[in-house]
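Single-structure report; data block below.
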Amino acid sequence: MTPLEAFALALTGATAALIAYSLQRTRSDRNRASEWPFSVLGVNPDDSLDEIKKTYRSLVKKYHPDNLPRDASPQVRRLYEERLIKLNTAYKTILSIREVEPKKLTVREEMLAPVEEMLRLAKIAAEQDARKALENTYTAAETLVKTLHKSMGLVGRSSHYYDLLTDLMINDVISVEEFEVLAEARRYTNMGNGREHAPKHVHDFVEKLWEVYSKIRRRYIR
């Protein structure tokens, strides 16, 4: 075998090895991306938490029902809600895997007094005036979200309720379950004048929001 032939053979072997490595790397990347819960967000398990948070934020904004037009069909709204639940569940699981510690936040008791007052008024109105009850409920939720956001010292790109709520979620100030209830308070305000909701339905939701408020209060009031 001539030196030229030997060189060609070695080059062929190296090329084959490089191709095999590339294929293996591609398959490995695909396998990592297909692992639940990372596949739900379209990220890899070895991506940084900041990268995962950024992807989560963009997907939640894309699929949040609050972004739908008011005349969107119930079917479309439900599809968005289901997608949002999957995203939140996946993100919560990833945070658990990464063992992310809750943020250390302290809120003064008097800062939450307006929230509690609005919830009290919502309870009173729930039996007689569903629309008023839902308005008070959303005001309570909005005040709570803004108070937490300000106390955390977060700098948001927008003062929109949903954007502030998302900031709290991705910074681990509130849980996925709390996120969903607070988002639901906003959703109710986009569903008409409240007359389509039975008094018991409205009452139950007010109680649900009160439970979320109580959990957050116990967690951060010192």
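Residues 24 to 245 in this note's numbering are what the sequence shown spells out, letter by letter.
All residues carry an ideal CB built from backbone N, CA and C; glycine is no exception.
As the structure is a computational prediction, the values presented were derived from the model and not from experiment.
Asked                                                                                                        : Found
Spatial distance of Q151 from Y211 (CA atoms)                                                                : 17 Å
C-alpha gap between V83 and T112, whole angstroms                                                            : 12 Å
Presumed contact (8 Å Cβ cut-off) between V138 and Y236, rounded CB distance                                 : 6 Å
Cβ pair count under 8 Å reaching 3, the stretch 175-192 against the stretch 132-149                          : no
Identified DSSP bridge partners for V130                                                                     : I244
Residues near R106 in its chain [Cβ-Cβ closer than 7 Å; skip 5 each side]                                    : Y86
Cβ neighbour criterion (16 or more within 10 Å) applied to P92                                               : exposed
Burial state of D190 (16 or more Cβ within 10 Å)                                                             : buried
Proximal residues to F202 (C-beta, below 6 Å), its chain only, five neighbours per side dropped              : M192
Buried or exposed (CB count within 10 angstroms, at least 16 for buried), L72                                : exposed
Euclidean distance between Cα positions of R241 and V196                                                     : 13 Å
Start-end ranges of the alpha helix (DSSP H) lying completely within the stretch 187-230, minimum 4 residues : 199-212
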